[in-house]
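Have a look at the structure below before the remarks.
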Amino acid sequence: MPAAVSLVDVVKRFGSLTALAGVSLDIAEGEFFGLLGPNGAGKTTLISCLAGLARPDSGQLSVLGRDVGRDYREARRLLGVVPQELVFDPFFTVRETLRIQSGYFGIRGNDDWIDEILANLDLTSKAEVNMRRLSGGMKRRVLVAQALVHKPPVIVLDEPTAGVDVELRQGLWQFVRRLNGEGHTIILTTHYLEEAEALCGRIALMKQGRIVALDTTARLMGAHPGASLEDVFVRVMKGD
Amino acid sequence: MISFWTLFSKEVLRFWKVGFQTLAAPVLTALLYLLIFGHVLDEHVAIHGIRYTGFLVPGLVMMQVLQNAFANSSSSLIQSKVTGSIVFVLLPPISYGAFFAAYVLASVARGLVVAVGVLAATAWFAPIRIEAPLWILAFALVGGGVLGALGVIAGIWAEKFDQLAAFQNFLVMPLTMLSGVFYSIHSLPDIWQSVSHYNPIFYMIDGFRYGFFGVSDVPPLRSLAVVVASFAAVSGLTLGLLRRGWKLRA
Chain R
3 MPAAVSLVDV
13 VKRFGSLTAL
23 AGVSLDIAEG
33 EFFGLLGPNG
43 AGKTTLISCL
53 AGLARPDSGQ
63 LSVLGRDVGR
73 DYREARRLLG
83 VVPQELVFDP
93 FFTVRETLRI
103 QSGYFGIRGN
113 DDWIDEILAN
123 LDLTSKAEVN
133 MRRLSGGMKR
143 RVLVAQALVH
153 KPPVIVLDEP
163 TAGVDVELRQ
173 GLWQFVRRLN
183 GEGHTIILTT
193 HYLEEAEALC
203 GRIALMKQGR
213 IVALDTTARL
223 MGAHPGASLE
233 DVFVRVMKGD
Chain W
183 MISFWTLFSK
193 EVLRFWKVGF
203 QTLAAPVLTA
213 LLYLLIFGHV
223 LDEHVAIHGI
233 RYTGFLVPGL
243 VMMQVLQNAF
253 ANSSSSLIQS
263 KVTGSIVFVL
273 LPPISYGAFF
283 AAYVLASVAR
293 GLVVAVGVLA
303 ATAWFAPIRI
313 EAPLWILAFA
323 LVGGGVLGAL
333 GVIAGIWAEK
343 FDQLAAFQNF
353 LVMPLTMLSG
363 VFYSIHSLPD
373 IWQSVSHYNP
383 IFYMIDGFRY
393 GFFGVSDVPP
403 LRSLAVVVAS
413 FAAVSGLTLG
423 LLRRGWKLRA
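Protein chains in written order, with our numbering: chain R, 3 to 242; chain W, 183 to 432.
Here it is as structure tokens:
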């Protein structure tokens, strides 16, 4: 069975800056995987390469066995990405936005699923509201909804709870846990390490474009008895 | 096919929702040109035996088709890039061919809607004669396609709104204004007549006008050949850039 996500020696440079310096990683189907690291560690670049938003200089990336370069259409169909930036199209309502996003993935007539996503993200009352009129937290929820409209087996959440209130966080994690329980692979980047500690079964720590630690959350924590994930993170980043 | 249709519909819906700016404004601009130039020149100028106001109408219609086709694709893309919402189009499995076709056809659609609006508005001021409607349609579709594709290139190339404005003000606007919208090139000195023949938009205007009056500066078939060749060249370039992910995928 192919890995949900497979990265082999991925290198990405921006001019003289090496954003990814040979990253290799396999994420199994059904995992809840955490990709952590300080700003500039290469997490978002890695996600961009996986999603086809950036092209690696070398290395191979695949989603459920589909190469993201050669078989890009199928690979993108298997992937749902919540981008880090709070972006939206100001011309449309929430429902229009989700219908349009479904159409981009070749799906029509999926209002039942859209309604279910809206309900789970507490957006039902905002379905006919223009995106411009939503608060930052609401817009963030719509970004999550957009990533889910095509029911992707692999879901990448790039800091999905940045600037989001506690209530939504709890609702969001409940929904994402349910999706994970139904077999969806979840890849999460976040600066809220307590969330990663509570949710992720396995964690990779990145620093300067490399993976510097990769293990189950339990073993990472076990190597530093009594420490929180935040303590582990700080020690690994300092090179202890 | 669904992804193409969705992107096309979204682009049409986008300009439709701000129709006051994207549709009504160009109609008003064309009307002002007609009122001012027509009032000043109608009594004194006739071209190909046609009174000046009547001669001016097809040129104004085609000028708005071209300028609005360019504006549609270019403004949509620069806006998506600046706000970051372009990511919604880049993440799904939309082929570069579908991407190209959706943006260009939506641009042509906006050009045609504006054309109908300008014709309807100007019909009160000058009688409209239509000699060859298929020529009108052919030049509007292919000419709009050329400028729509050029708008895709400009929208992807520009990183800021002022760069796009420079493209529009220093390339598209001069080429359209100096293409025979307001005059026949036979009224120009020889040197400028020769220069006009290097402007592909001249052929779009001249061929489009032929459809109304049955007379033109250049045989319409030659004009159509130039316009189709321009479309093929600009489309080929645009598709090549999209396939490479130029300035869209890092």
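Quick reminder that beta carbons are idealized off the backbone N, C-alpha and C, glycines included. Computed from a prediction, not measured in an experiment: that's the story for all the values here.
| Check | Outcome |
| --- | --- |
| Starting from the Cα of R:T192, find the closest Cα among R:V7, R:T99, R:G44 and give me that residue. | R:G44 |
| Could you pull out every residue in the same chain whose Cβ sits closer than 8 Å to the Cβ of W:L346, ignoring the five residues on either side in sequence? | S256, S257, I260, A336, G337, A340 |
| Can you tell me the Cα-Cα spacing of R:R135 and R:F90, whole angstroms? | 11 Å |
| Indicate the three-state DSSP secondary structure (helix, strand or coil) for W:R196 in the structure shown. | helix |
| Sort R:G138, R:V178, R:G42, R:K153 by Cα distance to R:A164 and report the nearest one. | R:G138 |
| Run through the DSSP bridge pairs and tell me what R:L81 is partnered with. | R:V156 |
| Which same chain residues, not among the five before or five after R:L190, have their C-beta less than 6 Å away from its C-beta? | G36, L159 |
| Do we get a CB-CB distance below 9 Å when we pair W:R292 with the residues of chain R? | no |
| Is it true that the stretch 240 to 249 of chain W meets the stretch 363 to 378 of chain W, where meeting means three or more beta-carbon pairs spaced less than 8 Å apart? | yes |
| Measure the CB-CB distance between W:L213 and W:R431 and report whether it falls below 9 Å. | no |
| Give the DSSP-derived three-state secondary structure of W:V400 in the structure shown. | coil |
| Starting from the beta carbon of W:G427, find every residue of chain R whose beta carbon is closer than 7 Å, and list them in chain order. | R57 |
| Check whether the Cβ atoms of W:V354 and W:L332 sit closer than 9 Å, and answer yes or no. | yes |
| Specify the secondary structure class of R:L100 as computed by DSSP and reduced to three states. | helix |
| Taking the CB atoms as reference points, tell me whether R:F107 and W:P274 lie closer together than 9 Å. | yes |
| Given a limit of 8 Å on CB to CB distance, which residues of the stretch 192 to 203 of chain W reach chain R? | K192, L195, R196, K199, V200 |
| Can you pull the chain W neighbours of R:Q103, defined as C-beta to C-beta under 8 Å? | F270, P274 |
| Select from R:L222, R:I157, R:L22 the residue whose C-alpha is nearest the C-alpha of R:L80. | R:I157 |
| Measure from the C-beta of R:P155 to each C-beta in chain W and report whether the shortest distance is under 9 Å. | no |
| At the level of alpha carbons, what is the spacing between R:S8 and R:S50? | 14 Å |
| By Cβ distance, which residues of its chain are closer than 8 Å to W:W374, with the 5 residues on each side in sequence left out? | I367 |
| CB-CB under 6 Å to R:V151, same chain, minus the five flanking residues each way: which ones, in chain order? | L100, Q103, S104 |
| Near W:L323, which residues of its chain fall below 7 Å by C-beta distance, leaving aside the five closest residues on each side in sequence? | V290 |
| Quick check: the stretch 393 to 411 of chain W against the stretch 311 to 318 of chain W, are at least 3 beta-carbon pairs closer than 8 Å? | yes |
| Starting from the Cα of W:L360, find the closest Cα among W:F349, W:V409, W:I383 and give me that residue. | W:I383 |
| Suppose you measure from the CA of R:K153 to the CA of R:L27; what does that come to, to the nearest Å? | 24 Å |
| Taking the Cβ atom as the reference point for each residue, do R:L231 and R:T218 lie within a distance shorter than 9 Å? | no |
| Can you check DSSP and say which residues form a bridge with R:Q62? | R:V10 |
| Examine chain W for any beta-carbon lying closer than 9 Å to the beta-carbon of R:F235, and answer yes or no. | no |
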